[in-house]
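Positions 37 to 429 (our numbering) are the ones given, in order, by the sequence shown.
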Amino acid sequence: MDYQVNEKGYYGEFGGAWIPEMMFTNIEELSRRYLDIIHSSEFVEEFVKLLKDYVGRPSPLYFSQRLSDFYQTKIYLKREDLNHTGSHKLNNTVGQILLALKLGKTRIIAETGAGQHGVATATVCALKGIKCVVYMGALDIERQAPNVKKMKMLGAKVIPVHSGNKTLKDATNEAMRDWINNPFDTHYIIGSVVGPHPYPDMVARFQAVISKEIKIQLAEQTGSELPTRIIACVGGGSNAAGAFYHFLENDEVELIGVEAAGKGVDTSETAATLKVGSPGVLHASKTMLMQNSDGQITEPYSISAGLDYPGIGPMHAHLFKTGKAKYLYATDKEVLEAALLLTQKEGIIPALESAHALAALNQIKFKENDVTVVNLSGRGDKDMQTYLDYFGY
Ligand SMILES: *Cc1c(COP(=O)(O)O)cnc(C)c1O
């Protein structure tokens with residue numbers, strides 16, 4: 037079975053480009069040209085060089101002795117938290133800025149919720165000296181002041197969106213409107229494996245460097261490039277897609293995504309899309325999403341802003357439906373405890389998002405010789421206030 041996107045932009049029944057007629061020009065150009073560009077030797081050379089010298093790749097694959105002892109098995113951490121700007125997000129924005137330049141674009145737009153993707157986009161725009169506009173819900177601007185300041189210092193223009201709930205969904209609508217009005221000079225950088233084709237596939241390819249490195253590093257450290265399982269948190273699903281990508285062809289490797297249960301999957305305050313959602317169209321893609329019986333998107337909730345998304349990338353909807361990957365969920369409370377455990381066992385403070393993957397370790401029955409790789413998608417600096425409030429230091 038093929039788990040990659042097909043020529044029409046679908047993963048099984050999910051995906052596609054459910055775009056308004058007016059966005060056709062933008063999407064058509066991108067779909068037609070992205071593969072040729074990202075496979076060209078010139079692009080590959082530049083991308084690999086920036087990943088190495090600017091992002092700091094390869095990120096280490098670290099054998100966690102104390103976590104392994106605790107769970108009586110072998111646990112490795114893929115250290116995406118050590119990337120420049122503190123997460124996996126830069127792998128994608130570096131890829132997309134190079135692609136935008138090859139397409140001759142002179143202006144970048146993005147939407148952001150918590151501000152992490154906005155900062156990653158503003159960062160690569162500064163790197164390449166290209167104009168950057170970031171749409172952000174007015175409420176999010178209030179809640180995420182440090183990231184707004186970073187974007188401004190990096191030279192981006194942050195435009196507050198006052199419609200709807202003044203959060204991510206509204207910012208996304210505004211960014212799409214901008215793109216429709218500027219089809220020739222502007223590239224829209226989407227931050228996860230979501231949105232219309234070719235974004236899910238394109239972003240997955242840029243993040244696939246994670247699993248490519250894991251294979252090489254595991255072979256060096258264990259003698260086999262295949263682990264027993266890989267675990268990654270899932271918001272839109274880009275760090276998980278990157279961590280799974282090169283293992284999709286290896287049926288013996290168990291793939292586990294972890295969604296944010298928030299206060300619990302039987303409460304209304306959750307973001308566990310695959311658990312409580314149903315098929316529909318969100319951000320121009322057919323996927324699983326959280327909606328009420330009228331098809332209205334319901335507001336998601338998670339303690340971690342990066343997982344607070346009412347949908348999931350179409351690739352994951354397909355991996356879920358076919359049973360190729362398994363999806364678990366962790367509550368806010370489980371996540372906070374898992375973050376503290378890693379911090380005090382290894383001296384690594386994880387991002388709240390990444391701590392969802394760590395929390396799932398409690399739900400797995402390990403054999404002593406199992407090799408488990410946890411994708412540590414980001415570092416916890418941005419989450420210190422939440423940790424301090426909860427643990428009361
Ligand atoms: C944004 C973010 C995520 C969630 O995004 P995905 O596309 O699901 O990977 C996870 N971890 C960190 C650290 C993030 O910043």
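Even glycine gets a Cβ: it sits at the ideal position worked out from N, Cα and C. Note that the structure is predicted; figures quoted are calculated from it, not measured.
Taking the beta carbon of residue i as the centre, do at least 16 other beta carbons fall within 10 Å, making it buried, or is it exposed?
{"i": "ILE326", "result": "Note on residue identity: the sequence assigns Met, not Ile, to residue 326. The residue is buried, with at least 16 neighbouring Cβ atoms inside 10 Å."}
{"i": "GLN180", "result": "buried"}
{"i": "ALA25", "result": "Summary: the structure shown does not reach residue 25, with the chain confined to residues 37 through 429, and so no result is reported for it."}
{"i": "GLU404", "result": "exposed"}
{"i": "SER76", "result": "exposed"}
{"i": "PHE60", "result": "exposed"}
{"i": "SER408", "result": "For clarity, residue 408 is Thr in the given sequence; the question names Ser instead. The residue is buried, with at least 16 neighbouring Cβ atoms inside 10 Å."}
{"i": "GLY140", "result": "exposed"}
{"i": "SER304", "result": "exposed"}
My output table needs one value for residue i: the three-state DSSP class, helix, strand or coil.
{"i": "THR309", "result": "helix"}
{"i": "HIS124", "result": "coil"}
{"i": "PRO219", "result": "coil"}
{"i": "LYS369", "result": "helix"}
{"i": "PHE356", "result": "helix"}
{"i": "ILE252", "result": "helix"}
{"i": "MET172", "result": "strand"}
{"i": "PHE402", "result": "coil"}
{"i": "LEU139", "result": "coil"}
{"i": "VAL409", "result": "strand"}
{"i": "GLN327", "result": "strand"}
{"i": "PRO196", "result": "strand"}
{"i": "ILE111", "result": "strand"}
Just how far apart, CA to CA, sit residue i and residue j?
{"i": "SER260", "j": "ILE292", "result": "20 angstroms"}
{"i": "ALA162", "j": "ALA156", "result": "10 angstroms"}
{"i": "LEU66", "j": "PRO234", "result": "7 angstroms"}
{"i": "LEU412", "j": "LEU135", "result": "27 angstroms"}
{"i": "ASN128", "j": "PRO236", "result": "11 angstroms"}
{"i": "ASP330", "j": "GLY231", "result": "22 angstroms"}
{"i": "GLY342", "j": "ILE74", "result": "27 angstroms"}
{"i": "ALA192", "j": "THR148", "result": "12 angstroms"}
{"i": "GLY200", "j": "LYS381", "result": "43 angstroms"}
{"i": "GLU49", "j": "ALA353", "result": "9 angstroms"}
{"i": "MET37", "j": "GLN421", "result": "45 angstroms"}
{"i": "ALA150", "j": "LYS188", "result": "15 angstroms"}
Are residue i and residue j touching if we call contact CB-CB under 8 angstroms?
{"i": "TYR365", "j": "ALA296", "result": "yes"}
{"i": "ILE55", "j": "ALA320", "result": "yes"}
{"i": "LEU284", "j": "TYR39", "result": "yes"}
{"i": "LYS322", "j": "HIS282", "result": "no"}
{"i": "TYR112", "j": "LEU97", "result": "yes"}
{"i": "SER95", "j": "GLU82", "result": "no"}
{"i": "THR306", "j": "TYR345", "result": "no"}
{"i": "LEU190", "j": "ALA158", "result": "yes"}
{"i": "VAL312", "j": "VAL294", "result": "no"}
{"i": "GLY414", "j": "HIS124", "result": "yes"}
{"i": "ASP302", "j": "ILE339", "result": "no"}
{"i": "TYR423", "j": "ALA375", "result": "yes"}
May I ask you to check if the CB of residue i is nearer than 7 angstroms to at least one heavy atom of ligand 2?
{"i": "THR408", "result": "In terms of ligand content, the structure shown lacks ligand 2 and carries ligand 1 instead."}
> Near ligand 1, which residues have their beta-carbon closer than 7 angstroms to a heavy atom?
Replying inline: Qualifying residues, in the order they occur: SER123, HIS124, LYS125, GLN152, HIS153, GLY227, SER228, VAL229, CYS269, VAL270, GLY271, GLY272, GLY273, SER274, ASN275, ALA276, GLY342, LEU343, ALA387, GLU389, SER390, SER413, GLY414.
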